[in-house]
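Protein chains: 2
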Amino acid sequence: MRNFVTGVAGCIGSDLAEALIARGNFVAGIDNLSSGKIEHIARLLGHKNFRFIEGDLEDPAGVETAMQGAEFVWHLAANPDVKFTAGDPTDKDLHQNLICTYNVLEAMRRLDVKRLAFSSTSAVYGVSKIQPIPEDAPFPQPISLYGATKLACEAMISAFQSLFGFQCWIFRFANIVGPKVRKRGRTVIGDFIVRLNEDPGKLLILGDGQQAKSYLLSEECIEAMLFAVDRAQAPLNVYNLGCHDSLQVTVIADLVVEAMGLSGTKYEFTGGEGGWPGDVPRFLLDVSAINSLGWKARNNARQAVESAIQSTLALGNKTPAVRT
Amino acid sequence: MRNFVTGVAGCIGSDLAEALIARGNFVAGIDNLSSGKIEHIARLLGHKNFRFIEGDLEDPAGVETAMQGAEFVWHLAANPDVKFTAGDPTDKDLHQNLICTYNVLEAMRRLDVKRLAFSSTSAVYGVSKIQPIPEDAPFPQPISLYGATKLACEAMISAFQSLFGFQCWIFRFANIVGPKVRKRGRTVIGDFIVRLNEDPGKLLILGDGQQAKSYLLSEECIEAMLFAVDRAQAPLNVYNLGCHDSLQVTVIADLVVEAMGLSGTKYEFTGGEGGWPGDVPRFLLDVSAINSLGWKARNNARQAVESAIQSTLALGNKTPAVRT
Numbered sequence: 090m091r092n093f094v095t096g097v098a099g100c101i102g103s104d105l106a107e108a109l110i111a112r113g114n115f116v117a118g119i120d121n122l123s124s125g126k127i128e129h130i131a132r133l134l135g136h137k138n139f140r141f142i143e144g145d146l147e148d149p150a151g152v153e154t155a156m157q158g159a160e161f162v163w164h165l166a167a168n169p170d171v172k173f174t175a176g177d178p179t180d181k182d183l184h185q186n187l188i189c190t191y192n193v194l195e196a197m198r199r200l201d202v203k204r205l206a207f208s209s210t211s212a213v214y215g216v217s218k219i220q221p222i223p224e225d226a227p228f229p230q231p232i233s234l235y236g237a238t239k240l241a242c243e244a245m246i247s248a249f250q251s252l253f254g255f256q257c258w259i260f261r262f263a264n265i266v267g268p269k270v271r272k273r274g275r276t277v278i279g280d281f282i283v284r285l286n287e288d289p290g291k292l293l294i295l296g297d298g299q300q301a302k303s304y305l306l307s308e309e310c311i312e313a314m315l316f317a318v319d320r321a322q323a324p325l326n327v328y329n330l331g332c333h334d335s336l337q338v339t340v341i342a343d344l345v346v347e348a349m350g351l352s353g354t355k356y357e358f359t360g361g362e363g364g365w366p367g368d369v370p371r372f373l374l375d376v377s378a379i380n381s382l383g384w385k386a387r388n389n390a391r392q393a394v395e396s397a398i399q400s401t402l403a404l405g406n407k408t409p410a411v412r413t
Numbered sequence: 090m091r092n093f094v095t096g097v098a099g100c101i102g103s104d105l106a107e108a109l110i111a112r113g114n115f116v117a118g119i120d121n122l123s124s125g126k127i128e129h130i131a132r133l134l135g136h137k138n139f140r141f142i143e144g145d146l147e148d149p150a151g152v153e154t155a156m157q158g159a160e161f162v163w164h165l166a167a168n169p170d171v172k173f174t175a176g177d178p179t180d181k182d183l184h185q186n187l188i189c190t191y192n193v194l195e196a197m198r199r200l201d202v203k204r205l206a207f208s209s210t211s212a213v214y215g216v217s218k219i220q221p222i223p224e225d226a227p228f229p230q231p232i233s234l235y236g237a238t239k240l241a242c243e244a245m246i247s248a249f250q251s252l253f254g255f256q257c258w259i260f261r262f263a264n265i266v267g268p269k270v271r272k273r274g275r276t277v278i279g280d281f282i283v284r285l286n287e288d289p290g291k292l293l294i295l296g297d298g299q300q301a302k303s304y305l306l307s308e309e310c311i312e313a314m315l316f317a318v319d320r321a322q323a324p325l326n327v328y329n330l331g332c333h334d335s336l337q338v339t340v341i342a343d344l345v346v347e348a349m350g351l352s353g354t355k356y357e358f359t360g361g362e363g364g365w366p367g368d369v370p371r372f373l374l375d376v377s378a379i380n381s382l383g384w385k386a387r388n389n390a391r392q393a394v395e396s397a398i399q400s401t402l403a404l405g406n407k408t409p410a411v412r413t
């Protein structure tokens, strides 16, 4: 099958492309390399079943050209910086998440490509009164621009699915962790490693450290998506992808300190419930739907984080040097 | 108080402006007159407490200039054509609903205007399993581009509210009917009157005629919004606005035929459950939240429709001549 993967040079997109090719599929992948890295797909370049297009999803004509011949679209490209910092433009997520998703949907409609898998996020739920949060949670009220625009993407996908006879899979990701490191070290693990490399004596932790979130290894996330696309055959399929539990940020700090062989590191906290404006400080995902379909995460939150710490440290001096 | 009303030349916007001015407020109103009509605000032009700006919300700088000095924003401007017809551009609602709403929110943030009322729609719910539909209905899956982009607007409002300390009121409207007639006669009442004026012997009804929806008179809708803004003081307030029941399309046809003094009109149906792609054929709104706040529609669906038929017919030859 001919797959089109957006964000193919990203941490998840590149691993997905490898998994699809390993299954005998053809993959055309697009990335604008704004946060994706060419080294993530270095092993694939030149493979007979892989084609890389450097391009931007904000260009509708470019998307349509790149998507020619596709039978299945995996739309993973997005603004990877969930954090909003005062002074940031407020339309970054609107463009990189929603407008790009609309362009993907419209290209599919024009080219008569009918099947789409989409990486959504637990951030669409906002602060849910119900924990763990099921897919049919009460009407969501996102608190971040990232979550709001991902919800907007889901809404557009739902309308296109219904109006134009698409079949869609929406995956609401927990925090995805893994061996590939983001350019700016914005994930909590990368952030802690960068800070501790700079100064092993103290560690600045965003928020009050009591934040507790669900984590999932990148490889398990990809496995779950492929599993669900093979088996869930409703017109519109929505699944939370995560482990069944959560892990506190201070515990992650402890695990990083221990894995780096440090001791006596003093924690400092920026304070406040959330780590940044729009952060949902505590959540658990109800993963019974994907479990009932037959897939279950092998690693709980702690195990997933431990594994990601080990693989990130194993990268050695490839550890991200830039922190924002 | 200085109010800024978008879509001020629309059916609802113009009546809202009059109501606000009658309460002693100042109103600056913007409209691009794409569907709004200058005659809707003819009585207000020249009033010392009214200022009209002809402008387009797709122009961010223009929105910001027009909003200067506002203390409260009523954002009613939207694509009024809920119907999607094959061949229509698929990004009309994206631009006229979502991008415009983002521009309004961003102008508010820049100008430090903190309070916003927004006209959303029952279409955000999609096809709800729960009837009547409460505001906290399960995670919505809209089936129209109109509903999807209105949900996207709600999501952006929710994020801006939370990130920037706004106070917001989101009103999910039933079908709003009233004496003012849309340019193209796209509401069911105007459509029936136009068709029967052309040929009293037969009436083409979209769908199977079994569609049954909630209706609310425009004047009651405005009353309810003002009531809720005065009394509901949560950071984010969401209310369904409608009557407690619904009315079948064939009954509306009967009422129009009777009101026009016709008899023997033969009904023809285009067939299918919905009237058009993306139409939600049957819904009831749970209005217990606005009722509990102390406001209740005086007219049920049938009474609201009867009243709108009478006032539309009273317009005589001002009845819309164009139908699409």
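Respectively, the protein sequence lines represent chains A and B. The first sequence stops at residue 413 when you use the working numbering, and every number in between is there. The second sequence stops at residue 413 when you use the working numbering, and every number in between is there. A virtual CB, placed ideally from N, CA and C, is assigned to each residue, including glycine. Just so it is clear, the structure is predicted and the values come from calculations on it, not from any experiment.
Next item on the list: Give the interface partners of residue 198/B over in chain A, defined as CB-CB distance under 8 Å, in chain order.
Entry: One finds 179 in chain A with Cβ atoms closer than 8 Å to the Cβ of residue 198/B, taken in chain order.
Next item on the list: Output yes if chain A places a C-beta closer than 7 Å to the C-beta of residue 207/B; else output no.
Entry: It does not: the Cβ of residue 207/B has no partner Cβ on chain A nearer than 7 Å.
Item checked: Sub-7 Å separation of residue 222/B and residue 235/B beta-carbons -> Contact flag unset, no.
Note to self: For the structure I just gave you, are there three or more beta carbon pairs, one from the region 245-257 of chain B and one from the region 245-264 of chain A, closer than 8 Å?
What the structure shows: Segments in contact, no.
Notebook entry, point to check: Is the CB of residue 349/A under 7 Å away from at least one CB in chain B?
Noted result: Not an interface residue.
Check: Excluding sequence positions up to five away, which residues of its chain have a Cβ less than 7 Å from the Cβ of residue 158/A?
Finding: If you ignore the 5 residues before and after residue 158/A, its C-beta comes within less than 7 Å of the C-beta of 91, all in its own chain and listed in chain order.
Note to self: Does chain A have any CB closer than 7 Å to the CB of residue 221/B?
What the structure shows: It does not; no Cβ of chain A falls within 7 Å.
Notebook entry, point to check: If the cut is a Cβ gap below 9 Å, which residues of chain A does residue 169/B touch?
Noted result: What residue 169/B touches in chain A: nothing, since even the nearest Cβ is about 18 Å away.
Notebook entry, point to check: Is it buried or exposed for residue 399/B, if we count other Cβ within 10 angstroms and need 16 for buried?
Noted result: Classification of residue 399/B: exposed, given that the 10 Å Cβ count is below 16.
Checklist line | Chain-ordered neighbours of residue 195/B on chain A, where CB pairs are closer than 8 Å | finding: Per Cβ cutoff of 8 Å: 179, 180.
Notebook entry, point to check: Which residue comes first and which comes last in the alpha helix (DSSP H) that contains residue 392/B?
Noted result: Following the DSSP letters along the chain, one finds residue 392/B inside the alpha helix (DSSP H) bounded by residues 390-403.
Checklist line | Endpoints, beta strand (DSSP E) assigned at residue 204/B | finding: Per DSSP, residue 204/B belongs to the beta strand (DSSP E) from 204-210.
Checklist line | residue 199/B burial status per 10 Å Cβ neighbour count (16 or more: buried) | finding: Classification of residue 199/B: exposed, given that the 10 Å Cβ count is below 16.
Next item on the list: Give me the Cα-Cα distance between residue 134/B and residue 142/B, rounded to the nearest whole angstrom.
Entry: Each residue's CA atom was taken as its position, placing residue 134/B and residue 142/B some 11 Å apart.
Notebook entry, point to check: Any residues in the region 302-328 of chain B with a beta carbon nearer than 9 Å to a beta carbon of chain A? Which ones, in chain order?
Noted result: Going along the region 302-328 of chain B in chain order, one finds 325, 327 with a Cβ nearer than 9 Å to chain A.
Check: residue 371/B and residue 301/B: beta carbons closer than 7 Å?
Finding: A Cβ-Cβ contact shorter than 7 Å links residue 371/B with residue 301/B.
Notebook entry, point to check: Rounded to a whole number of angstroms, what is the C-alpha to C-alpha distance between residue 176/B and residue 149/A?
Noted result: Going from the Cα of residue 176/B to the Cα of residue 149/A covers about 18 Å.
Next item on the list: Kindly confirm or deny that the region 187-194 of chain B and the region 123-132 of chain B touch, where touching means at least three C-beta pairs closer than 8 Å.
Entry: No, the region 187-194 of chain B is not in contact with the region 123-132 of chain B.
Notebook entry, point to check: If residue 166/A sits next to residue 189/A, beta carbons under 8 Å apart, how far is it from one beta carbon to the other, in whole angstroms?
Noted result: Contact holds; Cβ gap of about 6 Å.
Item checked: N-terminal and C-terminal residue of the beta strand (DSSP E) that residue 95/A is part of -> Per DSSP, residue 95/A belongs to the beta strand (DSSP E) from 91-95.
Next item on the list: Would you list the one or two residues that DSSP bridges to residue 193/B?
Entry: Looking at the DSSP assignment, residue 193/B forms no beta bridge with any residue, so it has no partner.
Margin query: On the criterion of 16 or more Cβ atoms from any shown chain inside 10 Å, does residue 352/B qualify as buried, or is it exposed?
Written below: The residue in question, residue 352/B, is exposed, as its Cβ has fewer than 16 Cβ neighbours within 10 Å.
Check: Is the number of C-beta pairs between the region 359-376 of chain B and the region 219-233 of chain B that are closer than 8 Å three or more?
Finding: Output reads yes: the region 219-233 of chain B touches the region 359-376 of chain B.
Item checked: Residue nearest to residue 96/A in terms of C-alpha spacing, selected from 111/A, 151/A, 163/A -> Measuring C-alpha to C-alpha distances from residue 96/A to each of 111/A, 151/A, 163/A identifies 163/A as the nearest.
Checklist line | Validate contact between the region 288-298 of chain A and the region 352-364 of chain A using beta carbons, cut 8 Å, 3 pairs | finding: Contact between the region 288-298 of chain A and the region 352-364 of chain A is established, with three or more Cβ pairs separated by less than 8 Å.
Notebook entry, point to check: Hey, which unbroken runs of the beta strand (DSSP E) at 3 residues or more fall wholly within the region 351-390 of chain B?
Noted result: List check, beta strand (DSSP E) in window: 355-358.
Next item on the list: Answer with buried or exposed for residue 210/A, where buried requires no fewer than 16 other C-beta atoms within 10 angstroms of its C-beta.
Entry: Per the 10 Å Cβ criterion, buried.
Next item on the list: In angstroms with no decimal places, state the Cα-to-Cα distance between residue 241/A and residue 394/A.
Entry: If I take the Cα positions, the gap works out to 30 Å.
Notebook entry, point to check: residue 322/B to residue 258/B, Cα distance in whole Å?
Noted result: For the pair residue 322/B and residue 258/B, the Cα-to-Cα distance works out to about 9 Å.
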